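Structure record follows, encoded as structure tokens.
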Amino acid sequence: MSKADLLEAWHNHLALGRRRSPHTVRAYGAAAERLLSSTGFTSFDDVADVTAMQLRTHLASRRADGLSNASAARELSALKGFVSFARAQTGRERAEAPRLRGPRIKKGLPRPVTPDDAVGLADTVGELAATEWIGARDRAVLLLLYGAGMRIAEALSLKGGDLPLGERLTVTGKGGKQRVVPLLPVIRDAVATYVDKCPWRLTSDGPLFRGAKGGALSQGMVQKATVQARKALGLPDTATPHALRHSFATHLLGAGADLRSLQELLGHASLGSTQIYTKVDAASLLETYRNAHPREQD
């Protein structure tokens, strides 16, 4: 097999077999391509036989190029997945994989925005859009992120067949895992407004959210619109589409939601991923205290 064949098989496994997001597919594919280029591997047998020393040498060269701890950890995770995939292709799933620890990284807390700013972002992207239907589209997408806690890839993967939206929606998340999320009337109304104004015919198996030329809407276009709205509102760079999902979780937790319910709503595989929001909520309370307590004003 050529290097292109190996990468195509890996790409298809991630996109079709594991249903990973386009961003993850690109990042993991690039990591695999770098490994093949630096080692000269030309077959799945070569990849399956990779040693810890070879991986360590490859990652050391990447670190010499200025790769951060967080990026190095992601690169190692991608390469471990690639090696496991190669072992599966060669019938050696049970063989002992190279043992290699990633660098320690300090896990930062998500940066939520306030409820007013979250709604303000959604409204402002609608107001700044070039056309009315695009504004309605971008507003509907951002409300799905904040109002239903969806990942941007999940929102953009919705099909015309999901219409009309009811009080609940089945969402397919990471790894093909499905969950049911409730939809507030304001979200359903926003999507209905977009559908009414959209100039393109929405087919049952086609994307719900369309780009200006009728194709599937890309994450990049949503992010670009959010940057414009963020600047207009004077919000920090941390006010991103993904921050709206963080805000959904933080605000629900602050309103009394329990962790198990929040885990289900977010589609987290483990409760540990959800528990980080307890720290976010505590941090928000502390900031409110510092801003409001009379003694802090002295």
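In terms of the working numbering, the sequence shown opens at residue 30 and continues consecutively.
Just so it is clear, CB atoms sit at the ideal spot from N, CA and C, and this is done for glycine as well.
Remember, it's a predicted structure, so these values are computed and weren't measured experimentally.
Buried versus exposed call for residue i [16 or more other C-beta atoms within 10 Å across all chains shown]
i, result
"D94", "exposed"
"Q326", "Residue placement at Q326 cannot be trusted, given a pLDDT of 43 that sits under 50; the coordinates are not used to answer."
"L21", "With the chain running from 30 to 327 in the structure shown, residue 21 is simply not present."
"S276", "buried"
"M179", "buried"
"P214", "exposed"
"A33", "exposed"
"V209", "exposed"
"G204", "exposed"
"R230", "exposed"
"E104", "buried"
"A268", "buried"
"R324", "With a pLDDT of only 46 at R324, under the threshold of 50, the placement of this residue in the model should not be trusted, and no figure is reported."
"H87", "buried"
"G195", "exposed"
"N41", "exposed"
"E183", "buried"
"G110", "buried"
Residue i and residue j closer than 8 Å at C-beta
i, j, result
"L212", "L198", "yes"
"L174", "I181", "yes"
"G240", "S247", "yes"
"R168", "D146", "no"
"V79", "A272", "no"
"F238", "V170", "yes"
"A115", "V76", "yes"
"T255", "L150", "yes"
"R92", "T201", "no"
"S90", "S67", "yes"
"A158", "K226", "no"
"G190", "I216", "no"
"G243", "K188", "no"
"T53", "L64", "no"
"L172", "A221", "no"
"Q252", "P265", "no"
"L330", "V224", "This structure gives no information on residue 330, because the portion of the chain shown stretches from 30 to 327."
Continuous alpha helix (DSSP H) stretch holding residue i: start and end
i, result
"L171", "161 to 177"
"R63", "51 to 68"
"L150", "144 to 157"
"R47", "Looking at the DSSP string, R47 is not in any alpha helix (DSSP H), and its letter there is neither H nor E."
"R217", "214 to 226"
"V256", "248 to 262"
"R85", "81 to 93"
"H32", "Position check: residue 32 holds Lys in this sequence, whereas His was assumed. Looking at the DSSP string, the run of the alpha helix (DSSP H) that includes K32 is 32 to 41."
"F73", "73 to 77"
"P182", "Looking at the sequence provided, one finds Ala at residue 182 rather than Pro. Counting along the chain, the alpha helix (DSSP H) containing A182 begins and ends at 181 to 185."
Cβ-Cβ separation, residue j to residue i (assumed contact under 8 Å), whole Å
i, j, result
"D154", "A258", "Residue identity check: residue 154 is Val in the sequence provided, not Asp. V154 to A258, Cβ: 5 Å. Contact."
"G69", "L36", "With 8 Å as the limit, G69 and L36 do not qualify as a contact, their Cβ atoms being about 15 Å apart."
"A60", "A102", "Their Cβ separation, rounded to whole angstroms, is 12 Å, which puts A60 and A102 out of contact at 8 Å."
"S72", "M30", "6 Å"
Residue i beta carbon near the ligand PLP (any heavy atom closer than 7 Å)
i, result
"L171", "With respect to small molecules bound, the structure shown includes none, and the ligand PLP cannot be examined in it."
CB contact below 8 Å: residue i versus chain D
i, result
"P141", "Judged by its chain identifiers, the structure shown contains no chain D, having just a single protein chain."
N- and C-terminal bounds of the beta strand (DSSP E) containing residue i
i, result
"T199", "197 to 201"
"R208", "207 to 211"
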